[in-house]
Structures are given as C-alpha cells and as structure tokens.
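Take a look at the structure set out below.
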Amino acid sequence: PKLVKAIAPTDRILLLGTSCCPWDCDQKSLTGTYGKIIVIPRPDYASLYHIWNDLLFQYSGLSRKFDVSSLAKLSDGYSVGTIIKVLQEVMTCKRVLQLTIRPLMHVEILNALARHDPIYKEEDEAFNQWYSRTPLGRRKQKALDAEVERRMIENDKHAGAK
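So the sequence shown is numbered by our numbering: it starts at 1072 and just counts up by one.
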C-alpha cells in the first residue's frame, strides 16, 4: 500500500493484480491497494462458442464443418485460460500438419479438457459471496435494488392507470 500511494496519476502506471482466491487475503489491504475490483465471470455458452470458434479456425487444415456448438456446451464451467491451454496441448505442430490427413476429433479435445479442473459451483458461489462484501459489490447491489424498486413503482403506476 505504501508503494501504491507513492504513485501519482501523472506517472501513468497501471497496477493490476489477479487472484483465484481473493477471499484468502486481508480485505482492508486489498481494497486500499486497488481502487477498483473488476469481476471477470465464467464464460457463458455464447462466449464459449465464439472462443472455440476463433481459436480453432485459426488452423487452416481444420474442416469448417467442425461442430463448435457441442464443444462449447461440453466445456461449460471451464475458464478461457484452460481452453487456451487445452488447445495448445492438442494442436501441436505435428497434429496441425496431420489435420488434412486425420481430421480433428472432439474426443481429442475432450480428453485434454478432462485433465483440467473446471470452476466448481462452490468456488463460484464463494467468489460471488466475497465480491458482495467488497465496496464495489455493495454499490452494485444497491444499484440493482434501486433498479428493481424503480421498476416495481413503474409497474404499479401502469397497473393503477388501467
């Protein structure tokens, strides 16, 4: 924290920290060191579809008929970093050269994916619970509550006008 306070806005320095277990650290120091906490949620189906699509079709030997949709569904719960690691494991130079002779099979990717741990529901819930106790999380919750209340008032007005 002392080092961070010595950095002035004119220094044009961005301090970035990442954690997979932010609840293990001292919360006061964390919020004092970092002015903002940005949550990067688990990717949903649409995001996974685009990630797989973009990463896989970089390889010219891969058939354009390769079913990315089922891969996106089966990889639900995995992080983008894990997906990138899996592709690096599967798409070796040797395997890329063999693509025209031996097409890529979903099983190859799924076997590599199975060797990695997904983001478990418990971890996700622990993260959400931790975030709700941070200053930004509380502000976000207040804003969501205010929005819900505003919509309820609007609905009551519309119901009363009928």
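C-beta atoms are modelled at their ideal positions from N, C-alpha and C, and glycine is treated no differently.
If you're wondering where the values come from, they're calculated on a predicted model, not measured in any experiment.
Check                                                                                                                                       : Outcome
Within a Cβ cutoff of 7 Å, which residues of the same chain sit near Val-1075, ignoring the five residues on either side of it in sequence? : Leu-1086, Thr-1104
If Lys-1107 sits next to Leu-1207, beta carbons under 8 Å apart, how far is it from one beta carbon to the other, in whole angstroms?       : 7 Å
Taking C-alpha atoms, which residue in Gly-1088, Ile-1078, Cys-1092 lies nearest to Glu-1194?                                               : Cys-1092
Mapping the DSSP letters down to three states, classify Gln-1129 as helix, strand or coil.                                                  : coil
What residues in its chain sit with their C-beta under 7 Å from that of Val-1167, if we drop five residues either side in the sequence?     : Tyr-1130, Gly-1132
Tell me where the alpha helix (DSSP H) around Thr-1104 begins and ends.                                                                     : 1098 to 1104
Alpha carbon to alpha carbon, how far is Lys-1211 from Leu-1181? Give it in angstroms, no decimals.                                         : 37 Å
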